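*Asks:* The structure's right below; bear with me while I get my questions together.
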Amino acid sequence: MSEKATDHPVRVEFRTPAPVPVTALSALTAMAERAAAMVGARPLVVGDNFRQEGSDFVFSFTGRVAPVLQDDEEPIP
Numbered sequence: 014m015s016e017k018a019t020d021h022p023v024r025v026e027f028r029t030p031a032p033v034p035v036t037a038l039s040a041l042t043a044m045a046e047r048a049a050a051m052v053g054a055r056p057l058v059v060g061d062n063f064r065q066e067g068s069d070f071v072f073s074f075t076g077r078v079a080p081v082l083q084d085d086e087e088p089i090p
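Under this note's numbering, the sequence shown has 29 at position 16, and the numbering climbs by one with no breaks.
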């Protein structure tokens, strides 16, 4: 991917089988929140972005991958 690329839509999904230990679920939640922030998909909402499907816990969200800028570059409008 080029540093000059325009924003690109992405769909992210993290899925894990239940039951999940509380410490693992906490770590997965933190990771999903960081990923959501990176693609501009915050905030994550329980029941929408975080839900249980059958025996799985699922984090899913959409966002955009922004171009990677060098320190001296301005964002492309």
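A virtual CB, placed ideally from N, CA and C, is assigned to each residue, including glycine.
It should be emphasised that the depicted structure is a prediction, and the values quoted were computed from it without experimental measurement.
Quick check on this structure: which residue in Glu66, Thr42 and Pro22 has the alpha carbon closest to the alpha carbon of Pro56?
*Replies:* The shortest C-alpha separation from Pro56 is found at Thr42.
*Asks:* Report the rounded CA-to-CA distance for Val52 versus Val33, giving the unit in angstroms.
*Replies:* Val52 and Val33: Cα-Cα distance of roughly 26 Å.
*Asks:* Just the C-alpha distance for Gln21 and Asn62, rounded to the nearest angstrom, thanks.
*Replies:* The displayed chain sequence assigns His, not Gln, to residue 21. Distance between the alpha carbons of His21 and Asn62 is about 20 Å.
*Asks:* Check Val52 in the structure and name its three-state DSSP category.
*Replies:* Correct three-state label for Val52: coil.
*Asks:* What are the residues that DSSP puts in a beta bridge with Arg47?
*Replies:* Paired residues: none, contrary to the question.
*Asks:* Report buried or exposed for Gly76, applying the criterion of at least 16 other Cβ atoms within 10 angstroms of its Cβ.
*Replies:* Looking at its Cβ environment, which holds 16 or more other Cβ atoms inside 10 Å, Gly76 is buried.
*Asks:* Pop quiz: Gln65 and Ala40 are said to be a contact at Cβ under 8 Å. What is the actual Cβ separation, rounded to whole angstroms?
*Replies:* With 8 Å as the limit, Gln65 and Ala40 do not qualify as a contact, their Cβ atoms being about 18 Å apart.
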